[in-house]
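J.:
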Amino acid sequence: MRSWADPILVLHHILLTLVSLAVSQPDFLYHFCVQTGGNSTTTYRNNLETLLPSLSSNIDNYGFYSSTTGNNSDKAYAIVLCRGDVQLDLCRSCINNSTRKLPQLCSNYMEAIGWYDYCMLRYSNKSMKGILSDTQIFYMWNKENISSGADEFNRTLANLFDSLREEAASGGNRRKFATKIATVPDFSRNIYGLMQCTPDLSRQDCNNCLVMATAMRQDCCIGKPGGRVIGPSCNFRFETYLFFNDTPVVTPPPVDAPSVDVSPSPPGKDDKTIIIIIVIVVVAASTIALLVMLIFGILILRKRKQRKLMERLGTLDEAISTDEISVPESLQYDFDTLYIATDNFSDSNKLGRGGFGVVYKGKLPNGQEIAVKRLSLNSGQGEVEFKNEVMLVAKLQHRNLVRLLGFCLQDRERLLVYEFVINSSLDHFLFDPVNRANLDWERRYKIIGGIARGLLYLHEDSRLRIIHRDLKAGNILLDAELNPKISDFGMARLFMMDETQGYTSKIAGTYGYMSPEYAMHGQFSIKSDVYSFGVLVLEIISGQKNIRFQNGENEEDLLSYAWKSWRNRTISDLIDPVLRYGSSPMSEIKRCIHIGLLCIQDNVADRPTMASIVFMLNSFSHTLPIPSEPEFFRQHNSYNQDMPLLRGYNSEAIESNNSKSISIHASINETSITELYPR
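Taking our numbering, the leading residue of the sequence shown gets 5, the next gets one more, and so forth.
Structure, rendered in structure tokens:
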């Protein structure tokens, strides 16, 4: 028999639904729309629309739920995770917001992820359960600075992280979550910390994820009293105020717990009850009518706002596919302005020359210093394509990349405008006997780490997957604090090399830094950059150029000498005397040499990825694999001593025509996912 309260309950649910639809959903802390190779199909969208509304009702007090709907390639997968200290009703409300907002923001994408303070929603056309993901990561931090006691604060925070990581990783398959409070001696405030993994991860994967996340703290939060790093598989946060709920979340009752009847008892048959019901119905009906009108009003305003935004900016797809392009004015520079800024491209303002053109220093009328690259005249792109590539590369921003400010096109002239980096390039410090003394180990280690994070961003976290292909000391610029910034990272795209996926008939790069498979066969990949990074690490540690250097009365090849020193356990001979006789941590230096040797292995599959390298640089408890003997060392041992030695140092980019006919399936220009900060 139905209760008298049923009509009111129905009206109540309708009212709540209308309110939630009428009120604009709050913005995510951050979200990513991930392009996985194609737009979502109708079948996939239908599966997703079926799956998402069911997530909030199926989640329990543990705050984690994963599900799937559909078949084959159109199958939709979803994961939701609520913060471990959040009550169930707030968790479900957060998930409801996510499932409504994220598909709107990422309507044409197969994969997306969004975070609120209390929950995360992630969906894809591929299974994600139990898989550690170290991409789509972003940072947030407190704007304040720690005014005093920073060293003690950092020590306490490191201990807090270790404790939180151990507790979170040791959680079960329904919750991996930990909160703790730490007291800093002689500090007026406590530190409050929180860590969490998706509970489908293994203990080891959770631990590794949190190790990598805490290592990224140096990208955002050093010297800050609060910050967080948030990713798909794990996250952490610390503050000097209580930001989490210190009351335990109620766990679900046992399966055999007795049920309690909480349905209302029927009312008496008096007129007052009937009047109350009538009033409620009338008020509810009036409210519903007003809300419906409000919904239509909001939808109309949103449509108008979106239409104006699209007219002003255009979408990325339109920018790539149409013959006409709308370029933001801030990216376009007038040729005469740059001509005057560089004093008519005078030699006195020349900063250097590379394989893609000459770089000049300039100053704009507003006093801003810039670097202007006057490109060679052999680009194979038309004007529209060139503008598109510049706009895409300009969107890539990371603290370890030189920022592209804009461009200029006039007749055949193509100019790129970059931020001016004051301390020139790394080779001016590293290979200069006087300047090298300014690079103590702390600075060199900071430079190695910064280059690694910049490459990781290009390979895995940027909107475009970019393979640099000319990573060298001359393309690493140093700012006022000697922080490294990778330059020329979009040149291969801008010049449209004659290439298919993984192969090119024009080798662009610098001998000595090129991987064997790239130099000899034109085969490139992200592992080509890893090889160049390994060479660069050995240069930074030894202070020697990678071609030949003088060792007593003998000339040595740096890479062969590094391997020989490793094999003979005389690795200290490889280290720059500036470091060897100082107070540098030798174990840290030797570990970096070890990483460098792993990067220059001949077998492409044996070389680590940049994600692994960043992890190795920040996790000293991780045991490194043994590097294999490089082919160049075996060849060097049978080297004809009568052959003339290659002397000097080639800092110019080179090209060699090495035509071949190779059939490959896909294009290299695969779109990726993130912006910084996100990472």
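Each residue gets a CB set at the ideal place from its N, CA and C atoms; glycine is no exception.
1. My output table needs one value for Ser-564: the three-state DSSP class, helix, strand or coil.
2. From this set, Tyr-113, Gln-140 and Leu-94, which residue's C-alpha is nearest Asp-121's C-alpha?
3. From this set, Glu-148, Leu-56 and Leu-136, which residue's C-alpha is nearest Asn-100's C-alpha?
4. Can you tell me where the alpha helix (DSSP H) holding Cys-224 begins and where it ends?
5. Report all residues from its chain with a CB closer than 6 Å to the CB of Arg-96; omit the five preceding and five following residues, and keep chain order.
6. So Phe-339 is in the beta strand (DSSP E); what residue range does that whole segment cover?
7. Flag this pair as yes or no: are the beta carbons of Gly-600 and Gly-538 separated by less than 8 Å?
8. Return the CA-CA distance between Met-297 and Arg-241, expressed in angstroms with no decimal places.
9. Would you please state the rounded distance, in angstroms, between the beta carbons of Phe-411 and Val-394? I believe it to be under 8 Å.
10. Cα separation between Lys-568 and Ala-219?
11. Would you kindly work out how many angstroms separate the C-alpha atoms of Gly-526 and Tyr-535, rounded to a whole number?
12. Classify Glu-464 as helix, strand or coil using the three-state DSSP reduction.
13. In three-state DSSP terms, what is Ser-491?
14. When you compare each of Arg-49, Leu-125 and Pro-634 to Ser-70 by their alpha carbons, which one comes out closest?
15. Could you pull out every unbroken alpha helix (DSSP H) segment of at least 4 residues lying fully inside the stretch 351-381, listed in chain order?
16. Helix, strand or coil: which one does DSSP assign to Tyr-522?
17. Tell me where the beta strand (DSSP E) around Val-705 begins and ends.
18. So Leu-109 packs on Cys-37, CB below 8 Å; how close in whole Å?
19. Using only alpha-carbon positions, find the residue among Gly-356, Lys-180 and Ile-374 that is nearest to Ala-345.
20. Closest to Ala-82 by CA distance: which of Val-90, Leu-92 and Phe-68 is it?
21. By how many angstroms is the C-alpha of Asp-444 removed from the C-alpha of Leu-583?
22. Taking only the alpha-carbon atoms, compute the straight-line gap between Phe-142 and Glu-543 and give it to the nearest angstrom.
23. Do Tyr-48 and Asn-158 have their CB atoms nearer than 8 Å?
24. Nearest CA to the CA of Ala-709: which residue from Asp-492, Glu-446, Asp-166 and Leu-482?
25. Check each candidate in Glu-464, Pro-488 and Ser-167 and name the one with the smallest Cα separation from Leu-475.
26. Starting from Leu-628, trace the alpha helix (DSSP H) in both directions and tell me its first and last residue.
27. Determine the burial state of Asp-166: buried for a count of at least 16 other Cβ atoms within 10 Å of its Cβ, exposed for fewer.
28. Kindly indicate which three-state DSSP category Gly-118 falls into: helix, strand or coil?
29. Work out the CA separation of Thr-627 and Arg-403 for me, nearest whole Å.
30. I think Thr-46 touches Thr-73, with their Cβ atoms under 8 Å apart; what is that distance to the nearest whole Å?
31. Thinking just about the alpha-carbon of each residue, which of Cys-603, Gly-494 and Asn-249 is nearest to the one in Gln-401?
32. Count the other CB atoms within 10 Å of the CB of Asp-415; is the residue buried (16 or more) or exposed (fewer)?
33. Determine the extent of the alpha helix (DSSP H) in which Phe-165 is found, giving its start and end residues.
34. Curious, which full-length alpha helix (DSSP H) runs of at least 4 residues does the stretch 175-245 contain?
35. Whole alpha helix (DSSP H) runs in the stretch 592-626 with 4 or more residues, listed along the chain?
36. For Ala-441, which of helix, strand or coil comes out of DSSP?
T.: Quick look at the numbers:
1. Taking the first residue of the sequence shown as 1, we reach residue 564 at position 560. Note: Ser-564 maps to helix in three-state DSSP.
2. Indexing the sequence shown from 1 puts residue 121 at position 117. Residue Leu-94 is the option with its Cα nearest to Asp-121.
3. Here the question's residue 100 lines up with position 96 in the sequence shown. The residue with the shortest Cα to Cα distance from Asn-100 is Leu-56.
4. On the sequence shown, position 220 is the one that residue 224 refers to. First-last of the alpha helix (DSSP H) with Cys-224: 221-224.
5. Taking the first residue of the sequence shown as 1, we reach residue 96 at position 92. Closer than 6 Å at the Cβ level, and outside the excluded window around Arg-96, lie Ser-60.
6. Against the sequence shown, residue 339 aligns to sequence position 335. Taken as a continuous stretch (DSSP letters only), Phe-339 belongs to no beta strand (DSSP E), being part of the alpha helix (DSSP H) at 339-345.
7. The count along the sequence shown starts at 1 and reaches residue 600 at position 596. The count along the sequence shown starts at 1 and reaches residue 538 at position 534. In this structure, Gly-538 lies closer than 8 Å to Gly-600 by Cβ.
8. Residue numbering aside, residue 297 sits at position 293 when the sequence shown is read from its first letter. Residue numbering aside, residue 241 sits at position 237 when the sequence shown is read from its first letter. One C-alpha to the other measures close to 42 Å.
9. For the purposes of this step, residue 411 is taken as residue 407 along the sequence shown, with counting starting at 1. For the purposes of this step, residue 394 is taken as residue 390 along the sequence shown, with counting starting at 1. Contact check for Phe-411 and Val-394: beta-carbon distance about 5 Å, within the 8 Å limit, so the pair qualifies.
10. Along the sequence shown, one-based indexing puts residue 568 at 564. Along the sequence shown, one-based indexing puts residue 219 at 215. Roughly 32 Å between the two C-alpha positions.
11. The residue you call residue 526 lines up with position 522 of the sequence shown. The residue you call residue 535 lines up with position 531 of the sequence shown. The alpha-carbon atoms of Gly-526 and Tyr-535 are separated by roughly 14 Å.
12. In the sequence shown, residue 464 corresponds to position 460, counting from 1. Reduced to three states, the DSSP call for Glu-464 is helix.
13. Against the sequence shown, residue 491 aligns to sequence position 487. Correct three-state label for Ser-491: coil.
14. Position 66 of the sequence shown, counting from 1, holds the residue named residue 70. Of the listed residues, the one whose Cα sits closest to Ser-70 is Leu-125.
15. none
16. Residue mapping note: residue 522 aligns to position 518 of the sequence shown, counting from 1. In the structure shown, Tyr-522 sits in a helix (DSSP, three-state: H, G or I).
17. Absent from the structure is residue 705, since the part of the chain shown begins at 5 and ends at 683.
18. Mapped onto the sequence shown, residue 109 falls at position 105. Mapped onto the sequence shown, residue 37 falls at position 33. Their Cβ separation, rounded to whole angstroms, is 7 Å, which keeps Leu-109 and Cys-37 in contact under 8 Å.
19. Position 341 of the sequence shown, counting from 1, holds the residue named residue 345. Ranking the options by Cα distance to Ala-345, first place goes to Ile-374.
20. Within the sequence shown, the letter at position 78 stands for residue 82. Comparing Cα-Cα distances from Ala-82 to each of Val-90, Leu-92 and Phe-68, the minimum goes to Phe-68.
21. Along the sequence shown, one-based indexing puts residue 583 at 579. Along the sequence shown, one-based indexing puts residue 444 at 440. If I take the Cα positions, the gap works out to 7 Å.
22. As a position in the sequence shown, residue 142 is number 138, starting the count at 1. As a position in the sequence shown, residue 543 is number 539, starting the count at 1. Cα to Cα, the separation comes out at about 32 Å.
23. Within the sequence shown, the letter at position 44 stands for residue 48. Within the sequence shown, the letter at position 154 stands for residue 158. No, the Cβ-Cβ distance between Tyr-48 and Asn-158 is not below 8 Å.
24. Absent from the model: residue 709. The displayed extent of the chain is 5 to 683, so no value can be given.
25. Residue 475 sits at position 471 when you count from the first residue of the sequence shown. With distances taken between Cα atoms, Leu-475 lies closest to Pro-488.
26. Position 624 of the sequence shown holds residue 628. Run containing Leu-628: none; DSSP gives neither H nor E here.
27. For this step, residue 166 is matched to residue 162 along the sequence shown. By the 10 Å Cβ count, Asp-166 comes out exposed.
28. Along the sequence shown, read from residue 1 onward, the residue named residue 118 stands at position 114. Strand at Gly-118.
29. On the sequence shown, position 399 is the one that residue 403 refers to. On the sequence shown, position 623 is the one that residue 627 refers to. Those two C-alpha atoms are separated by around 29 Å.
30. Sequence index remark: in the sequence shown, residue 46 carries index 42 (1-based). Sequence index remark: in the sequence shown, residue 73 carries index 69 (1-based). Contact doesn't hold; Cβ gap of about 14 Å is too wide.
31. The residue labelled residue 401 in the question sits at position 397 within the sequence shown. Checked all of Cys-603, Gly-494 and Asn-249; the closest Cα to Gln-401 is Gly-494.
32. Here residue 415 corresponds to residue number 411 of the sequence shown, with the count starting at 1. That one is exposed.
33. In the sequence shown, residue 165 corresponds to position 161, counting from 1. It spans 154-173 - the alpha helix (DSSP H) in which Phe-165 sits, taken as one unbroken run.
34. 207-219 and 221-224
35. 614-622
36. Reading the sequence shown from its first residue, position 437 is the one you call residue 441. Ala-441 falls in the helix class under three-state DSSP.
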